[in-house]
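Chemist: Numbering-wise, the sequence shown is residues -6 to 147 according to my numbering. Each residue gets a CB set at the ideal place from its N, CA and C atoms; glycine is no exception.
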Amino acid sequence: NAVLKVSTQMELAMRAHGQPSKQEMRQRSLQALAKVGIPDPERRLDAYPHEFSGGMRQRVAIAIALLHQPALILADEPTGNLDPQLAIDILGLFEDIHAQGTTVVFATHDRTLLDVRPRRVVVLDEGKATDAHDGLDGIDWGAEEEDSGVRVAS
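1. State yes or no: is the C-beta of Lys28 within less than 8 Å of the C-beta of Leu65?
2. Give every residue of the same chain whose Cβ lies closer than 6 Å to the Cβ of Thr150, excluding the five residues on either side of it in the sequence, and list them in chain order.
3. Restricting to Cα atoms, I'd like to know which of Pro63, Gly48, Gln78, Asp33 is closest to His10.
4. Measure the Cβ-Cβ separation of Val114 and His126 and say whether it is below 8 Å.
5. If Asp57 and Gln2 are in contact, beta carbons under 8 Å, what's the gap, nearest whole angstrom?
6. Would you list the residues sitting across from Phe99 in a DSSP beta bridge?
7. By a C-beta neighbour count over all protein chains shown, 10 Å radius and 16 as the cutoff for buried, is Ser14 buried or exposed?
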């Protein structure tokens, strides 16, 4: 939300799951921002989204998702509209999150996103699973790979 400070957005997410104290919310927010690599989280917590780059906004969104220590994160087009280097950085962040025990599911049209060593891939076409494999080997991408509307979850 462009008109709310990052701190307010994070507080709203926490209040949706209980009533932590203002101090607890600030501490958890700072920890989450630091975890996703936001530099100077103390200062950035009180910034507005337009003061962040696209990659940093994506990190803030991930930090908000991590506030409740989820078992699963569903990331829909997590690198959409990011330049290639930022996309690599965000994928690395998701790898770190996965290594700490959170399952990460990507939904994407971008097959290059799957370079993060997927454990399981399901190909969907018009909302129906058409193929599933451990890893990428043997996936039938369809005749019109680039424009088919196929979505891949990893």
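Modeler: So, to answer that:
1. no
2. Examination of residue 150 is not possible in this model, given that the chain is present from -6 through 147 alone.
3. Pro63
4. yes
5. Looking at the sequence itself, residue 57 is Ile, so the reference to Asp does not match. Contact holds; Cβ gap of about 6 Å.
6. Ala68
7. exposed
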